[in-house]
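Visitor:
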Amino acid sequence: SPPKDYEDEVTFF
Amino acid sequence: ISALNTALVRVVKNSNTLGIAIEGGANTRQPLPRIVTIQKGGSAHNCGQLKVGQVILEVNGISLRGQEHEEAARIIAEAFKTKEKDHIDFLVAELG
Chain R
3 SPPKDYEDEV
13 TFF
Chain P
9 ISALNTALVR
19 VVKNSNTLGI
29 AIEGGANTRQ
39 PLPRIVTIQK
49 GGSAHNCGQL
59 KVGQVILEVN
69 GISLRGQEHE
79 EAARIIAEAF
89 KTKEKDHIDF
99 LVAELG
């Protein structure tokens, strides 16, 4: 599947 | 990623936050979650062995390969939240 558009998703913990 | 530059890091939960931020996951430019921030005062910073730029291969033996960002984040969050362990074991790789 083509790369989704959450390329720059960052999660903080 | 060769086994030569991987490290198993045990982060003791000695703060009420883990104190890291990750980016990437399956189907992105960064196929394995990469540490982009380590926050002062968090358990990861206190442990002192995790570094920005390292890639997380496994969390408590659970491989993150093939996991999308959201699922990888859920695995890490669960690992920090569970009361079954007072630590999290990260298998990380330093990319040369």
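Note that the protein sequences, when read in sequence, are chains R and P.
Per the working numbering, the first sequence starts with residue 3, numbered consecutively.
Per the working numbering, the second sequence starts with residue 9, numbered consecutively.
Ideal Cβ positions, reconstructed from N, Cα and C, are used throughout, including at glycine.
Owing to the predicted nature of the structure, the values given are computational and were not obtained by experimental measurement.
Identify each residue in the segment 73-91 of chain P for which the Cβ-Cβ distance to at least one residue of chain R is less than 7 Å, and report them in chain order.
Guide: His77, Ala81, Ile84, Ala85, Phe88
Visitor: Alpha carbon to alpha carbon, how far is Arg82 of chain P from Gln57 of chain P?
Guide: 22 Å
Visitor: Along the chain, where does the alpha helix (DSSP H) that runs through Ala81 of chain P open and close?
Guide: 77-89
Visitor: Glu92 of chain P: which of P:Thr14, P:Val17, P:Gln47, P:Lys21 sits nearest, CA to CA?
Guide: P:Lys21
Visitor: What residue from P:Gly32, P:Ser51, P:Gln47, P:Ala34 has the CA that sits closest to Val17 of chain P's CA?
Guide: In terms of Cα proximity to Val17 of chain P, the closest of P:Gly32, P:Ser51, P:Gln47, P:Ala34 is P:Ser51.
Visitor: For a cutoff of 8 Å on Cβ pairs, would you count Ile30 of chain P as touching chain R?
Guide: yes
Visitor: Which of the three DSSP states, helix, strand or coil, is assigned to Ala52 of chain P?
Guide: Correct three-state label for Ala52 of chain P: helix.
Visitor: Which value, in whole angstroms, describes the spacing of the CA atoms of Glu79 of chain P and Asp10 of chain R?
Guide: 15 Å
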